[in-house]
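These notes concern the structure reproduced below.
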Amino acid sequence: MAAEQYTVDEKDLSILRILQKDAKLSVRDIAARINLSPTPTHERIKRMEKLGIIREYTAVVDRKKVNKGMMVICMIALNVHNKKTAGHFIAEVSKLKEVVEFYNISGDFDFMLKILAPNMDEFHEFFVNTLSEVEGIGQTKSIFVMNSIKESSQIL
1 MAAEQYTVDE KDLSILRILQ KDAKLSVRDI AARINLSPTP THERIKRMEK
51 LGIIREYTAV VDRKKVNKGM MVICMIALNV HNKKTAGHFI AEVSKLKEVV
101 EFYNISGDFD FMLKILAPNM DEFHEFFVNT LSEVEGIGQT KSIFVMNSIK
151 ESSQIL
């Protein structure tokens, strides 16, 4: 069954909302909250996992408490706009552990990266010796985040 053939209903949405807030809840606890028995609740969860609606379960970590207090949004324009250059750039940047989010965007820049580093010195080291060495970069603009007002992985 393809994901586009499956229609997410209100019970599924309720399950997804609950899992986004606390993925450690048992199936029995989730079932009780949505007024469904555990077996069909479990089947719905497994189906959504199989279809890729639920991609993964993860822990949300306070970046400041693990020495990743500096967040930088880096905008990048490629110097050549073709499939080979873009493909190489995407492959190389995707490997960088400092890059925690990576988007292809429209406008004056082609890509937006969210980069975490312990401090300015470490970011500078990464930028100069790693990121700027990736072939294809024509222009960059770094925006240093002063404070996070809202961060969320919940989409429902």
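Counted from 1, the sequence shown has number 65 at position 65 by full-length UniProt numbering; the numbering is strictly sequential.
Positions of the beta carbon are idealized from the N, C-alpha and C atoms, including for glycine.
For D9, is the classification buried or exposed, using 16 other Cβ atoms within 10 angstroms of its Cβ as the cut-off for buried? exposed
If you compare alpha carbons, which of A31, V145, L131, D29 is closest to G69? V145
Check M48 in the structure and name its three-state DSSP category. helix
When V93, Q20, E98 are compared against E135, the one with the closest alpha-carbon: V93
Is L113 closer than 8 angstroms to V128 when the C-beta atoms are compared? no
To the nearest angstrom, report how far apart T130 and N67 are at their CA atoms. 20 angstroms
Just checking my contact of Q139 with A86 at CB under 8 angstroms: how many whole Å lie between their CB atoms? The Cβ separation is near 15 angstroms, so there is no contact.
Mind checking A91: buried by the 16 CB within 10 Å criterion, or exposed? exposed
A117 (DSSP reduced to helix, strand or coil): strand
V93 lies in the beta strand (DSSP E); which residues open and close that run? From DSSP, V93 is part of no beta strand (DSSP E) but of the alpha helix (DSSP H) over 83 to 94.
Following the continuous beta strand (DSSP E) through E101, name the residue where it begins and the one where it ends. 99 to 104
Below 7 angstroms CB to CB, which residues in the same chain sit around V61 once its five sequence neighbours on both sides are set aside? none
For K141, is the classification buried or exposed, using 16 other Cβ atoms within 10 angstroms of its Cβ as the cut-off for buried? exposed
Quick check on DSSP: helix, strand or coil for T39? helix
For I45, which residues from the same chain have a beta carbon less than 8 angstroms from its beta carbon, with the 5 sequence-adjacent residues on both sides left out? I15, L19, V27, I30, I54
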